[in-house]
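Visitor: The sequence shown maps to residues 303 to 955 in this note's numbering.
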Amino acid sequence: MCGLTGFWQRSALTSEDSCDMVTRMAAQIAHRGPDDVGAWVDADAGIALGFRRLSIVDLSAAGHQPMASASGRYVIAYNGEIYNHLDLRADLAKQSAAPAWRGHSDTETLLAGFEAWGIEQTVRRAIGMFAIAVWDRSSRSLTLGRDRLGEKPLYYGWQGNVFLFGSELKALRAHPAFAAEVNRDSLACMLRYSYVPAPRSIYAGISKLMPGTLAELRPGTRDLEVTTYWSAAAAIRQARSKPFAGSPAEAVESLERLLMDAIGRQMMADVPLGAFLSGGIDSSAIVALMQSQSTRPVQTFSIGFDEASLNEAPHAKAVAAHLGTAHTELYVAPRDALDVIPRLPSMYDEPFSDSSQIPTYLVSAMARKHVTVSLSGDAGDELFCGYNRYMFGDRIWRKISRAPLGLRRGAARLLSSVPPQTWDRLHQRLRGLMPVQHRFAQTGDKIHKAAQLLYSRSPSDVYQSLVSHWEDPGAVVVGSSTGVTTLPDLGLADLGLGNVERMMAIDLSTYLPDDILCKVDRAAMACSLETRVPFLDHRVVEFAWRLPFDYKQRDGVGKWVLRQVLNRHVPQALTERPKMGFGVPIDHWLRGPLRDWAEALLSPARLQSDGFFVAEPILRKWREHLSGRRNWQYYLWDVLMFQCWLDESTKRP
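1. Judging by CA-CA distance, which residue of A350, A372, R375, R426 is the nearest neighbour of H387?
2. Is the beta carbon of W437 closer than 7 angstroms to that of L444?
3. Pull up the distance between the alpha-carbon of A587 and that of W460, whole angstroms please.
4. Rounded to a whole number of angstroms, what is the C-alpha to C-alpha distance between P775 and D346?
5. Measuring CB atoms only, is the stretch 519–527 touching the stretch 544–560, in the sense that at least three cross pairs come out at less than 8 angstroms?
6. Measure the CB-CB distance between V916 and D680 and report whether it falls below 7 angstroms.
7. At what residue ranges does the stretch 305–355 contain a whole run of the beta strand (DSSP E), taking only runs of 3 or more?
8. Please report how far the alpha carbon of L471 lies from the alpha carbon of E652, in whole angstroms.
9. For Q601, list the residues DSSP reports as bridge partners.
10. Three-state secondary structure (DSSP) at R932?
11. If you follow the alpha helix (DSSP H) that D763 is part of, which residue opens it and which one closes it?
12. Does R448 come out as helix, strand or coil in the three-state DSSP assignment?
13. Report back the beta-carbon spacing between A476 and R326 to the nearest angstrom; my notes put them in contact at under 8 angstroms.
14. In terms of DSSP beta bridges, what is Q461 paired with?
15. Just how far apart, CA to CA, sit V589 and T530?
16. Which partner residues does R834 have in the DSSP bridge list?
17. Would you kindly report the start and end of the unbroken beta strand (DSSP E) that includes G430?
18. Measure the Cβ-Cβ separation of G581 and A623 and say whether it is below 7 angstroms.
19. Below 8 angstroms on the Cβ atoms is my guess for L797 versus I538; work out the distance and round it to an integer in Å.
20. For R691, which option in V764, M827, E318, E926 has the closest C-alpha, if you only look at C-alpha atoms?
21. Give me the Cα-Cα distance between A705 and F944, rounded to the nearest whole angstrom.
22. Give me the Cα-Cα distance between R925 and L904, rounded to the nearest whole angstrom.
23. Taking the alpha carbon of Y385 as the reference point, which residue from I429, A363, A875, L511 has its own alpha carbon closest?
24. When you compare only the Cα positions, how much space is there between H629 and D608?
25. Which word fits P644, buried or exposed, when buried means at least 16 other C-beta atoms lie within 10 angstroms of its C-beta?
26. Buried or exposed, going by whether 16 or more other CB atoms sit within 10 Å of the CB of E558?
27. Does DSSP classify S657 as helix, strand or coil?
28. Counting beta carbon pairs with one atom in the stretch 657–670 and one in the stretch 723–730, are three or more of them shorter than 8 angstroms?
29. Which two residues bound the contiguous alpha helix (DSSP H) that contains T788?
30. Is it the case that the Cβ atoms of G352 and G382 are separated by a distance below 7 angstroms?
31. Could you tell me the alpha carbon to alpha carbon distance between S830 and W891, rounded to whole angstroms?
32. Excluding five sequence neighbours on each side, which residues of the same chain lie with their C-beta closer than 8 angstroms to the C-beta of E950?
33. If contacts are defined as beta-carbon pairs under 8 angstroms, then Q311 and G348 qualify, I think. What distance do you get, rounded to the angstrom?
34. Using CA coordinates, which residue listed in S440, M431, D389 is at the minimum distance from G957?
35. Below 7 angstroms CB to CB, which residues in the same chain sit around L243 once its five sequence neighbours on both sides are set aside?
36. So what does DSSP say about T515, is it helix, strand or coil?
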């Protein structure tokens with residue numbers, strides 16, 4: 303895991319000055335690679351590549367980047383891991399295309415592949431996570447690439463006559479050509495989703511490279527030629543054309559075999575390696591399959607909270623004890639979590655308001671004291687129907703679509719008139735009488751969310767409402783465009799998916815890379831910790847979409863096939879419990895220890911002088927939140943994270 307950056311300008315460079323500049327850009331992302339720094343410049347061509355290295359595979363100088371291919375044609379700056387790179391080396395040897403290897407890094411393997419097969423075909427053969435910047439000295443062209451599911455970030459864009467690119471925005475901001483103009487439409491998107499969805503970034507003229515794409519910039523043009531080598535839509539279409547025809551038992555066996563291979567490959571490292579463990583289905587399955595192929599106890603990590611509704615630590619500890627892992631847990635005091643907040647704007651480098659960013663950083667910081675690489679259970683929900691909102695949204699639409707819209711609007715007003723705290727108290731009294739799948743956390747908030755769903759006119763409206771914070775951010779962000787916050791067309795509309803699978807597919811293409819993977823990447827990289835996601839081996843993703851839906855969801859419970867795999871290794875009683883969010887009590891903190899901080903950021907004078915927000919809707923929610931009548935934590939956290947980011951972004955590197 304590393305960090306890359308660079309620039310290309312259409313005029314000759316001064317070699318020494320350009321090397322200094324790209325090294326300064328790379329210094330902004332030193333946390334991504336504290337072990338080594340590199341710079342490469344072709345002054346005549348106007349190209350400069352910078353790199354920061356976190357040494358994981360081949361710790362020697364043979365893994366230094368930027369790295370040139372054996373012939374010298376290609377020069378690469380690369381962030382990621384190619385888990386099948388030894389297989390690729392074997393394929394190259396069979397074709398007599400293997401160079402005289404200088405080391406055993408996957409970077410060198412990629413370069414040899416580029417020379418033998420070309421960039422696109424090499425990427426198609428690769429199993430892994432990556433962001434790459436490749437300079438072709440023959441064609442004098444630059445190729446940027448990103449892995450299939452978007453595990454690794456890559457930003458790019460023209461600023462004047464300079465083309466900038468890098469793993470994080472702070473690297474681009476260090477270049478004097480960077481204009482730092484906030485894109486107000488992107489801000490509106492962030493208020494709706496809690497993140498800025500790709501291909502947007504918070505800055506005008508700067509984009510995120512979409513997952514599964516290569517973008518080539520040739521001499522004499524400002525336009526990139528984009529090739530999609532993998533997409534969720536194409537993978538789903540292909541999977542549905544060849545559905546899994548085996549029995550449920552055969553599906554369980556096939557999934558376990560595939561996950562064992564994916565996890566075994568991702569345990570490749572020349573440094574200490576471990577795993578995050580929450581005690582839930584996903585992380586427990588990953589750890590169980592890790593331990594089954596490890597000769598020593600796997601190092602596992604979890605954090606706990608004194609607040610019972612947030613505390614997963616006892617569950618994780620029980621699973622770890624059963625599996626025999628070397629388990630480390632840390633109970634986090636409110637002060638520990640609060641101390642993270644000032645670091646968030648710099649850490650995320652773009653306004654980002656998924657508050658689980660805080661515990662994600664804390665568990666990453668703890669893990670980094672023991673290991674350099676940690677596997678995680680992310681993506682199990684998107685692949686195997688784990689989120690409560692999937693079945694909830696489908697049930698809601700099936701029920702409400704039978705009633706006239708006018709009647710539904712009246713019911714919505716009635717449900718919303720009861721404060722969330724009252725719903726929470728009622729739910730707590732009846733909790734013991736409810737089925738496990740209905741024992742939700744934060745019931746009152748969910749009921750208020752359900753009330754908004756009653757206004758929906760289609761299943762797409764239901765999904766949009768379920769994943770939205772501010773329902774009409776255009777009315778809050780000054781100068782934003784109307785309707786701009788609709789998610790991009792990802793080719794999923796014509797796949798013939800049912801309501802639940804459509805939500806899963808959209809999440810796989812948007813929420814997963816832009817929220818979940820972004821959250822984990824930035825939090826872990828702030829600690830110089832590499833994270834790996836075995837569920838996102840593209841072979842696992844494609845297999846999951848081949849499975850019949852009832853192999854994923856049965857009797858209102860998701861992840862059926864994954865649960866069966868886990869039950870082979872861990873007693874069901876240890877993992878069967880209501881789904882818990884990985885969160886912190888932002889709602890209480892805003893009324894308590896964070897109140898003064900929040901009031902300063904939300905003051906009418908501050909909002910007016912900044913000029914980004916219409917103050918009244920925000921202040922009204924702030925007053926209602928402080929009174930306890932409503933819980934507007936998500937809405938307020940969106941605004942507060944932007945305000946904090948705005949303060950940080952004005953500090954020029």
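Where a beta carbon is used, it is the ideal one built from N, C-alpha and C, also for glycine.
Source: prediction; values computed, not measured.
Guide: According to the data block:
1. Reading the sequence shown from its first residue, position 85 is the one you call residue 387. Closest option to H387, Cα to Cα, is R426.
2. Counting from 1 along the sequence shown, the entry for residue 444 is found at position 142. Counting from 1 along the sequence shown, the entry for residue 437 is found at position 135. For L444 and W437, yes; Cβs fall inside 7 angstroms.
3. Position 285 of the sequence shown holds residue 587. Position 158 of the sequence shown holds residue 460. Approximately 44 angstroms between the Cα atoms of the pair.
4. Within the sequence shown, the letter at position 473 stands for residue 775. Within the sequence shown, the letter at position 44 stands for residue 346. Whole-angstrom Cα-Cα distance: 47 angstroms.
5. no
6. Here residue 916 refers to the residue found at position 614 when the sequence shown is read from its first residue. Here residue 680 refers to the residue found at position 378 when the sequence shown is read from its first residue. In this structure, D680 does not lie closer than 7 angstroms to V916 by Cβ.
7. Here the runs fully enclosed are 338–344, 349–355.
8. What you label residue 471 is simply residue 169 of the sequence shown in a count that begins at 1. What you label residue 652 is simply residue 350 of the sequence shown in a count that begins at 1. Straight-line measurement puts the Cα of E652 at about 7 angstroms from the Cα of L471.
9. Your numbering for residue 601 matches position 299 in the sequence shown. The partner list for Q601 (beta bridge, DSSP) reads G576, A628.
10. The residue given as residue 932 occupies position 630 in the sequence shown. In the three-state reduction of the DSSP assignment, R932 falls in the coil class, being assigned neither a helical nor a strand state.
11. Taking the sequence shown and counting its residues from 1, one reaches residue 763 at position 461. 761–768 is the span of the alpha helix (DSSP H), which, as asked, contains D763.
12. For this step, residue 448 is matched to residue 146 along the sequence shown. DSSP places R448 in strand when its eight states are reduced to three.
13. Counting from one through the sequence shown, the residue named residue 476 turns up at place 174. Counting from one through the sequence shown, the residue named residue 326 turns up at place 24. Contact flag correct, Cβ pair sits at about 5 angstroms.
14. As a first step, residue 461 must be located in the sequence shown, where it is residue number 159. DSSP, once it has assigned bridges, lists V464 as partnering Q461.
15. Position 287 of the sequence shown, counted from the first residue, corresponds to residue 589. Position 228 of the sequence shown, counted from the first residue, corresponds to residue 530. Those two C-alpha atoms are separated by around 33 angstroms.
16. Counted from its first residue, the sequence shown places residue 834 at position 532. According to DSSP, R834 bridges with L677.
17. The sequence position of residue 430 within the sequence shown is 128, counting from 1. Run containing G430: 430–438, per the beta strand (DSSP E) assignment.
18. Taking the first residue of the sequence shown as position 1, residue 581 is located at position 279. Taking the first residue of the sequence shown as position 1, residue 623 is located at position 321. No.
19. Locating residue 797 in the sequence shown gives position 495, where the first residue counts as 1. Locating residue 538 in the sequence shown gives position 236, where the first residue counts as 1. Indeed they touch by this definition, with Cβ atoms about 6 angstroms apart.
20. Walking along the sequence shown from the start, residue 691 turns up at place 389. Here the closest residue by C-alpha is V764.
21. Residue mapping note: residue 705 aligns to position 403 of the sequence shown, counting from 1. Residue mapping note: residue 944 aligns to position 642 of the sequence shown, counting from 1. Approximately 39 angstroms, taken between the alpha carbons.
22. Position 623 of the sequence shown, counted from the first residue, corresponds to residue 925. Position 602 of the sequence shown, counted from the first residue, corresponds to residue 904. Whole-angstrom Cα-Cα distance: 11 angstroms.
23. Translated into the one-based positions of the sequence shown, residue 385 becomes position 83. Among I429, A363, A875, L511, the Cα nearest to that of Y385 is on I429.
24. What you label residue 629 is simply residue 327 of the sequence shown in a count that begins at 1. What you label residue 608 is simply residue 306 of the sequence shown in a count that begins at 1. Cα to Cα, H629 sits roughly 19 angstroms from D608.
25. For this step, residue 644 is matched to residue 342 along the sequence shown. With fewer than 16 neighbouring CB atoms inside 10 Å of its own CB, P644 falls in the exposed class.
26. Taking the first residue of the sequence shown as position 1, residue 558 is located at position 256. Its Cβ being crowded by 16 or more others within 10 Å, E558 is buried.
27. If you number the sequence shown from 1, residue 657 lands on position 355. The answer is coil: DSSP assigns S657 none of H, G, I, E or B.
28. Below 8 angstroms, too few C-beta pairs join the stretch 723–730 and the stretch 657–670 to call them touching: fewer than three.
29. Counting from one through the sequence shown, the residue named residue 788 turns up at place 486. Taken as a continuous stretch (DSSP letters only), T788 belongs to no alpha helix (DSSP H), as it is neither H nor E.
30. The residue you call residue 352 lines up with position 50 of the sequence shown. The residue you call residue 382 lines up with position 80 of the sequence shown. Between G352 and G382, the C-beta gap is not smaller than 7 angstroms, which leaves the two residues out of contact.
31. Numbered from its first residue, the sequence shown carries residue 830 at position 528. Numbered from its first residue, the sequence shown carries residue 891 at position 589. C-alpha separation (whole angstroms): 29 angstroms.
32. Start at 1 with the first residue of the sequence shown, and residue 950 comes out as number 648. Here the set comprises P647, S648.
33. Taking the sequence shown and counting its residues from 1, one reaches residue 311 at position 9. Taking the sequence shown and counting its residues from 1, one reaches residue 348 at position 46. At roughly 5 angstroms, the Cβ-Cβ gap stays under 8 angstroms, so Q311 and G348 are in contact.
34. Given a span of 303 to 955 for the chain in the structure shown, any question on residue 957 remains unanswerable.
35. Residue numbering for the chain in the displayed model covers 303 to 955; residue 243 lies beyond these limits and cannot be assessed.
36. On the sequence shown, residue 515 is found 213 positions in, with the first residue counted as 1. Strand.
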